[in-house]
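Note sheet for the following structure.
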Amino acid sequence: MDKKKFKILAIVDGVLIVALVVFMFALKGKYNDQAQASVKEQVGAYKATVNTALQDQWKSMDQYGMAWKLVYATVTGAKTEAAFNANVQKIFEDKDARFKQLSYMYTAASIPAQVQNDIAAVGLAEQFLLKDEGGVKEIACGKNCVAKFTFVKGKLKESDYKALVEYKFAENFSIGAPAEFKFE
Amino acid sequence: MNIKNISIVLTVLLVFIAALVLMQKGNYVDQATEHYKKTTDASFKGGQKILEYVNNSVDVNKLVWAMSVEALQTVKTSQDMAKLEAKYFPTTKGSNSIANKTRRFEATSAYFIVSNFDKVDEDKKNNLKTLSGLKSIDVGALMGEAPVAQEEEMPEGEEEEVEE
């Protein structure tokens, strides 16, 4: 190649180098923003999934605790529909007692107070008495757990809290592993 | 340096910068992936641990509740209670307090119950004192009314003084 061609090559190289450097810096900012936004979004979504599972367990434990209190009250107290209704209402409305029981359970399980507070921010279970029809009452005793009490002419005929006694916690509460990170 | 050398150096530099541009995205993806993995793994493990600790602890709580409710319907004496305890917790036994006419069963330091009996019976042959006439069972600890006791691990095989 002669000198002139090398000169043209050098000029073209120079121009391309400048263009590529500019392009590189432009991309750098773009990728940085994209990566940060992407990580934030996907980490946030996963943390929300974990929180939902923990809050789900918290509310279920609340129902579980209320259900045992109700069973205990039913076994030890008057076996009438009126007494049962009063117990359901009393147990459900005593939010301080519910929180105290839950907090005790979580402390017994070695869950630190700060972590408990974060989970407890979701509040207590919204439901306890699920069904009340013709003397048949269904009580929520946790996620996928229902206890049934049947009354005939105002008297307790049958208490079915087998689901509560046989409740398998590990089968009801779990968290899936995080998905692979996606960067578009 | 003549123009030939300059143009060769610039060409090499151009190839190098082009390679940098191409690798740039990969670097950001690697960094982001690493950060994502680290953060979500911590969240996953922390969450799993909480679920597991609560599940395991409440498994014991459930047995104590079930035992208490069954006891209220079937138990009359401290011997009956001891049999029921053995059914639910084969390795843990309760203990009678003859003076207080109570029997305490502690599944863990957090979860215990105290059964109250009506009277003390004495076997005259061997002077063995037992309790009879179950009146009530104090389930305060199951209702969260006892001073909070934190369990690091579920003690197994914990035995107490037995008097039957």
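If you read the sequences in order, they're chains C and A. Going letter by letter, the first sequence gives residues 1 to 184 in this note's numbering. Going letter by letter, the second sequence gives residues 1001 to 1164 in this note's numbering. Even for Gly, the Cβ is constructed at its ideal location relative to N, Cα and C. Note that the structure is a prediction, hence the values are computed from the model and not measured.
Buried or exposed by the 16-neighbour rule on C-beta atoms within 10 Å, applied to residue i
| i | result |
| --- | --- |
| I11 (chain C) | exposed |
| F1117 (chain A) | buried |
| D96 (chain C) | exposed |
| Q57 (chain C) | buried |
| E1152 (chain A) | Residue confidence for E1152 (chain A) is low, a pLDDT of 46 falling below 50, so the modelled location carries little weight; the figure read from the coordinates is stated next. Exposed, by the Cβ-count rule. |
| L102 (chain C) | buried |
| S60 (chain C) | buried |
| L9 (chain C) | buried |
| N1055 (chain A) | buried |
| E1085 (chain A) | buried |
| V152 (chain C) | exposed |
Rounded C-alpha distance that separates residue i from residue j
| i | j | result |
| --- | --- | --- |
| K155 (chain C) | F149 (chain C) | 10 Å |
| L124 (chain C) | K1049 (chain A) | 21 Å |
| Y167 (chain C) | N1100 (chain A) | 35 Å |
| A163 (chain C) | E138 (chain C) | 12 Å |
| E1145 (chain A) | T1033 (chain A) | 47 Å |
| T74 (chain C) | A179 (chain C) | 46 Å |
| A109 (chain C) | F173 (chain C) | 15 Å |
| Q1031 (chain A) | L1022 (chain A) | 16 Å |
| N144 (chain C) | M66 (chain C) | 15 Å |
| N1127 (chain A) | S1115 (chain A) | 22 Å |
| V15 (chain C) | K30 (chain C) | 23 Å |
| G77 (chain C) | D1080 (chain A) | 22 Å |
| V1010 (chain A) | V21 (chain C) | Checking the sequence shown, residue 1010 (chain A) turns out to be Leu, not Val. Using only the alpha carbons, I get a separation of about 13 Å. |
| K1135 (chain A) | K1087 (chain A) | 21 Å |
Proximal residues of chain A, C-beta to C-beta of residue i below 8 Å
| i | result |
| --- | --- |
| I111 (chain C) | I1050, Y1053, V1054 |
Sequence-distant residues of the same chain with beta carbon closer than 7 Å to residue i, five excluded per side
| i | result |
| --- | --- |
| K79 (chain C) | K155, L156 |
Best match in the options for proximity to residue i [C-alpha to C-alpha]
| i | options | result |
| --- | --- | --- |
| V50 (chain C) | A:N1055, A:V1058, A:F1044, A:R1104 | A:F1044 |
| P1112 (chain A) | A:V1139, A:F1089, A:K1083 | The residue asked about is misnamed: residue 1112 (chain A) is Phe in this sequence, not Pro. Of A:V1139, A:F1089, A:K1083, the residue nearest in Cα terms is A:V1139. |
| V1120 (chain A) | A:P1090, A:S1057, A:Q1073, A:S1097 | A:S1097 |
| N1090 (chain A) | A:V1029, A:T1077, A:E1106 | Note that residue 1090 (chain A) is Pro in the sequence shown, not Asn. Nearest of A:V1029, A:T1077, A:E1106 to P1090 (chain A), Cα basis: A:E1106. |
| M1067 (chain A) | A:K1083, A:V1029, A:V1012 | A:K1083 |
Proximal residues of chain C, C-beta to C-beta of residue i below 9 Å
| i | result |
| --- | --- |
| L1013 (chain A) | D13, I17 |
Chain A contact residues for residue i, given Cβ-Cβ distances below 9 Å
| i | result |
| --- | --- |
| M66 (chain C) | What M66 (chain C) touches in chain A: nothing, since even the nearest Cβ is about 10 Å away. |
| A121 (chain C) | Going along chain A, no residue has its Cβ under 9 Å from A121 (chain C), so there is no contact; the nearest lies around 14 Å. |
Residues that residue i contacts on chain C, provided the C-beta gap is smaller than 8 Å
| i | result |
| --- | --- |
| S1007 (chain A) | F6, K7, L9, A10, D13 |
| Y1028 (chain A) | Y31, N32, Q34, A35, F183 |
| D1166 (chain A) | The requested residue 1166 (chain A) is not part of the displayed model; chain A covers only 1001 to 1164. |
| Y1088 (chain A) | What Y1088 (chain A) touches in chain C: nothing, since even the nearest Cβ is about 11 Å away. |
Contact set between residue i and chain C, taken where Cβ atoms lie within less than 7 Å
| i | result |
| --- | --- |
| L1020 (chain A) | M24 |
| N1116 (chain A) | Result: empty, since nearest Cβ-Cβ is about 12 Å, beyond 7 Å. |
| T1033 (chain A) | F181 |
| T1039 (chain A) | V43 |
| V1084 (chain A) | First, the residue type needs correcting, since residue 1084 (chain A) is Leu and not Val in the sequence shown. Neighbours of L1084 (chain A) on chain C: none; closest Cβ ~14 Å, over 7 Å. |
Beta-carbon contacts of residue i that lie in its chain and below 6 Å, excluding the five residues immediately before and after
| i | result |
| --- | --- |
| F169 (chain C) | none |
Test: residue i CB closer than 8 Å to a CB of chain D
| i | result |
| --- | --- |
| A140 (chain C) | The structure shown contains no chain D; the protein chains it does contain are C and A. |
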